[in-house]
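Asker: Protein sequences appear in the order of chains P and S.
Numbering-wise, the first sequence is residues 173 to 672 according to this note's numbering.
Numbering-wise, the second sequence is residues 63 to 275 according to this note's numbering.
Every residue gets a Cβ at the ideal spot worked out from N, C-alpha and C, and that includes glycine.
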Amino acid sequence: MHDRRLSRCPQGLCRCALLILALLVSGPLWAAKVKLDASEWGHPAGADCVSCHTKASAGLTQQWHESAHQKAGVNCMDCHRADRSEPDAREHEGQVIATIVSPKDCGRCHTQEYEEQQGSVHAEAHALIEERVPALAHNFTGAAMQAAGCDQCHGSRVKVRGDGTLDPATWPNSGIGRINPDGSKGSCSACHGRHRFSKAQAREPEACVRCHAGPDSPDKEIFEASKHGMIYVAERDRMNLGADEWVAGRDYTAAPTCVTCHMGAAGKLPATHDVGLRNAWSLNSPVSERQMLVILEDGAKLELPSSAPQPKRGSEIAKADGNLGKVKAVATPDRRRQAMNLVCQECHGKAFTEAFMKQFDSVVELFNTKFAIPAKAIMGELYQRGLLTSTPFDEPIELTYWELWHDEGARARHGASMASPNHAWWEGMYLVGRNFYGRFLPEARTLAGDQVAEVVEAHLQGEGHQWLVDPNQASTILGFAKPEPAAPGTEMPADAREAQ
Amino acid sequence: MVRLRAPLFITRHVLIALVAGGLGGVLFMVFLMEFDHFTSSNEFCTTCHSMTFADAFYQKSSHFNSASGVRASCGDCHVSEGVFAATWDHAVGGKDLIKQLKGQLFGPDYDDPVVNALHLPEAAFAAREWFRKRDSATCKRCHNLDAIQGKRGGTAAIHQEEAPGKTCIDCHYNLVHRPVPDQSTFKREAWNQMVEEEFGLPAGRAAELIAGH
């Protein structure tokens with residue numbers, strides 16, 4: 173479908189439309205210049221903060237001293253100042269401040285980055301799973317794990333208590349989807365370590381490691397295991413990480429980092445702080461979907477599966493919070509893929525890029541059709557027939573199913589997307605298969621009892637499962653020689669007999 | 063031989079009056095001192111039930127449990143030094159006693175933990191203002207700015223270099239009792255909501271209680 177579309181659309185026009193779309197939802201070629209007038213910063217009380225904090229917390233003050241903020245004359249108060257009406261405003265040494273510097277606060281100067289980031293999957297990381305968290309974090313372990321685990325990556329919904337203090341169940345937190353007291357979503361310091369806010373640090377793959385690691389999204393491990401990661405380590409000194417402008421193919425060519433592909437400027441493709449913009453697939457869902465990004469007039473964004481009808485520009489659509497918004501632009505999965513391909517093509521040929529994406533798409537489609545869709549249907553049957561309680565994780569098969577898509581399935585899909593053969597296979601799809609045939613199906617069959625034909629077997633009619641039908645597909649893979657052909661009259665060649 | 067004689071107007075009666083008055087005065091001063099001493103004690107202050115809420119937080123504070131063994135009593139912080147100032151503070155503080163007693167009949171009952179918590183912020187603001195007006199005089203009974211060393215490297219330098227123009231209470235509040243935000247950023251609705259959550263009250267009940275319903 174993707175290729176047919178391209179062939180119908182004249183190449184230049186297509187590319188031009190893509191760039192216009194990219195400009196619409198992202199910015200210029202590199203980090204936007206601050207447009208706010210310099211008279212708007214350099215708060216007079218800033219010097220007092222620095223004087224005292226040099227003694228009280230020398231480390232963070234020193235970091236600020238080494239920052240671009242310091243050089244530009246941006247001081248503590250410029251970021252931490254608050255209006256007394258703000259929920260988390262507090263008096264501190266005669267000034268009204270807030271401990272939390274929200275994306276909205278950063279957005280006073282970094283307006284474009286703020287606008288791009290709002291509505292992104294990063295900014296929505298808490299909101300997207302808020303309703304689902306208690307089932308796993310609270311029931312399965314305990315609420316303490318939400319603060320120390322889930323929310324440290326997804327962000328917390330920060331609670332300001334009536335006495336003005338921040339509830340320690342929700343703070344400290346620099347999770348990327350943090351819901352701040354001022355209503356803005358996200359945490360810039362999730363990637364931009366405070367208080368030095370180094371450009372080079374944010375461009376490093378390590379900026380992403382705190383969350384994109386581990387069993388469900390081992391992107392750090394995948395990157396390291398890929399050729400990209402290998403070259404990055406070997407040629408890090410040629411990455412030009414501290415450059416003011418960092419356009420792939422122009423300012424550096426050694427290797428890509430996470431930022432390069434998911435956010436960075438590349439050739440004519442502008443940079444964006446919407447990290448999911450170039451993602452054609454949802455990879456962390458029970459069944460992957462190609463997804464449309466709907467951008468609304470008020471800056472909100474929505475991810476819709478491409479199977480849903482494409483909303484028209486100017487039409488109204490219900491947002492995640494239930495309110496209506498007017499559609500400003502829609503980025504189809506094909507357009508998003510094209511944006512990603514533009515990054516690849518700074519180093520790779522077009523045919524190479526598209527063939528790689530074909531390999532990746534095939535893995536996702538394989539996961540969907542062979543494992544994800546049947547497993548989801550079987551689970552649906554078990555729930556519908558009352559063979560499972562509606563409480564998640566109180567039956568072993570629920571953990572089996574969870575790991576199938578959330579851990580093993582995600583690893584396979586991520587591994588294929590970023591070229592780590594080990595994660596695509598041994599850490600990924602091999603385990604998906606082992607789980608599906610070795611745990612999931614036996615558990616489902618036991619639960620289904622005499623309804624096994626409708627509940628389980630009816631969903632295993634796809635050709636991917638037909639290999640089970642023939643028990644005579646001998647192979648030496650397990651270390652056993654193939655049995656002698658049973659058919660009478662067929663003689664083994666003489667040399668083979670001798671070898672035996 | 064010269065006889066020392068009292069002036070003629072010192073009659074026996076005058077002499078008796080002088081001695082009695084002098085003794086009375088001394089006794090009165092002793093009484094005031096003892097009275098101030100007694101009424102500054104933790105035992106006296108917490109005879110009112112409403113004060114036990116303040117006491118609960120105080121007992122968890124470093125002013126109750128200090129490493130050095132020094133324990134600041136209610137009066138050490140909240141009653142001025144000197145018999146006249148102390149007497150004055152107690153006289154002014156008497157209005158709290160009247161409020162307390164009045165609360166048994168009508169008006170806010172400060173013995174009720176909910177009412178007490180709802181009215182706490184105003185009490186805290188008044189107490190901070192009291193400290194500020196006196197240049198934190200009662201803090202300085204024990205704490206000497208020049209002697210502050212602290213456990214961390216910068217503490218002494220901060221108190222030498224950053225403190226001029228400030229008084230103790232400007233920075234050091236919410237040390238002993240239940241934390242209350244500074245008046246400049248205090249939000250009554252948020253405070254009420256916190257109290258409602260704490261005592262399991264329906265939303266809006268706190269505002270009704272403050273209005274006296």
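(1) Say whether the region 345–356 of chain P touches the region 311–330 of chain P, bearing in mind that this needs 3 or more beta-carbon pairs closer than 8 Å, one atom from each stretch.
(2) Identify which residue in 228(P), 227(P) and 248(P) has its Cα closest to the Cα of residue 236(P).
(3) Assign residue 289(P) to buried or exposed, taking buried as 16 or more other Cβ atoms, counted over all protein chains shown, within 10 Å of its Cβ.
(4) Less than 8 Å between the C-beta atoms of residue 436(P) and residue 452(P), yes or no?
(5) Rounded C-beta distance between residue 190(S) and residue 120(S)? I'm assuming under 8 Å.
(6) So, for residue 210(S): in the same chain, excluding its five sequence neighbours on each side, which residues have a beta-carbon less than 8 Å away from its beta-carbon?
(7) From the DSSP output, read off the bridge partner residues of residue 357(P).
(8) Taking residue 99(S) as part of the alpha helix (DSSP H), name the residues at either end of that continuous run.
(9) Please identify the residue among 130(S), 149(S), 82(S) and 140(S) whose C-alpha is closest to the C-alpha of residue 98(S).
(10) By DSSP, does residue 175(P) sit in helix, in strand, or in coil?
(11) Using 8 Å as the threshold, is the region 514–532 of chain P in touch with the region 437–445 of chain P, meaning 3 or more CB pairs across them?
(12) Please name the residue or residues paired with residue 464(P) in a DSSP beta bridge.
(13) If you drop the 5 nearest sequence neighbours on each side, which residues of the same chain put their C-beta closer than 7 Å to that of residue 199(P)?
(14) Are the C-beta atoms of residue 268(P) and some chain S residue less than 8 Å apart?
(15) Quick check on the burial criterion: 16 or more other C-beta atoms within 10 angstroms. Buried or exposed for residue 68(S)?
(16) To which residues of the same chain is residue 219(P) closer than 8 Å at the C-beta, ignoring the five residues directly before and after it?
(17) Is residue 329(P) close to chain S? Criterion is C-beta to C-beta, closer than 8 Å.
(18) At 8 Å on the CB atoms, spell out the chain S contacts of residue 542(P), in chain order.
(19) At the 8 Å Cβ level, is residue 263(P) part of the contact set with chain S, yes or no?
(20) Going by C-alpha to C-alpha distance, which of 422(P), 567(P) and 274(P) sits closest to residue 362(P)?
(21) Please report the residue range of the beta strand (DSSP E) in which residue 262(P) lies.
(22) Could you check what DSSP says for residue 488(P) in three-state terms: helix, strand or coil?
(23) Are the beta-carbon atoms belonging to residue 292(P) and residue 586(P) less than 8 Å from one another?
(24) Name the chain S residues whose beta carbon is nearer than 7 Å to that of residue 383(P)?
(25) May I ask which residues mark the beginning and end of the beta strand (DSSP E) holding residue 496(P)?
(26) Give the secondary structure of residue 286(P) by DSSP, where H, G and I count as helix, E and B as strand, and everything else as coil.
(27) What residues of chain P sit near residue 257(S), judged by a beta carbon separation below 8 Å?
(28) State the beta-bridge partners of residue 422(P) as determined by DSSP.
(29) Can you pull the DSSP bridge partners for residue 338(P)?
(30) Residues of chain S with CB closer than 7 Å to the CB of residue 271(P), please, in chain order.
(31) Note the first and the last residue of the continuous alpha helix (DSSP H) segment covering residue 268(P).
(32) Nearest by alpha-carbon distance to residue 260(P): which of 229(P), 355(P) and 213(P) is it?
(33) Measure how close the beta-carbons of residue 461(P) and residue 497(P) come, nearest whole angstrom, since I'm counting them as under 8 Å.
(34) Please list the partners that residue 256(P) has in chain S, where partner means a Cβ-to-Cβ separation under 8 Å.
(35) So, with DSSP's three-state summary, where would you put residue 453(P)?
(36) Mind pulling the chain P residues with CB within less than 8 Å of residue 253(S)?
Answerer: Answer, in terms of the structure:
(1) yes
(2) 248(P)
(3) buried
(4) no
(5) Going by Cβ atoms, the distance from residue 190(S) to residue 120(S) rounds to 16 Å, so no, they are not a contact pair.
(6) 217, 218 and 221
(7) 351(P)
(8) 74–101
(9) 149(S)
(10) Unreliable placement is indicated for residue 175(P), whose pLDDT of 41 sits below 50; the coordinate value is still reported in the next sentence. Three-state result, residue 175(P): helix.
(11) yes
(12) 476(P)
(13) Here the model assigns residue 199(P) a pLDDT of 48, short of 50, so the residue's position is not dependable, and the following value carries that caveat. 284, 288, 442, 443 and 444, listed in sequence order.
(14) yes
(15) exposed
(16) 247
(17) no
(18) Within 8 Å Cβ-Cβ: nothing; residue 542(P) doesn't reach chain S, min ~50 Å.
(19) yes
(20) 274(P)
(21) 262–264
(22) strand
(23) no
(24) Residues of chain S passing the Cβ test: none, with the nearest at roughly 31 Å.
(25) 496–503
(26) helix
(27) 334
(28) Answer is none; residue 422(P) lacks a bridge partner.
(29) 332(P)
(30) The contacting residues do not exist; residue 271(P) stays about 12 Å from chain S at best.
(31) First-last for residue 268(P): 267–269, but that is the beta strand (DSSP E), not the alpha helix (DSSP H).
(32) 355(P)
(33) In fact, because the Cβ distance is near 21 Å, the residues do not count as touching under 8 Å.
(34) 246 and 247
(35) strand
(36) 334 and 335
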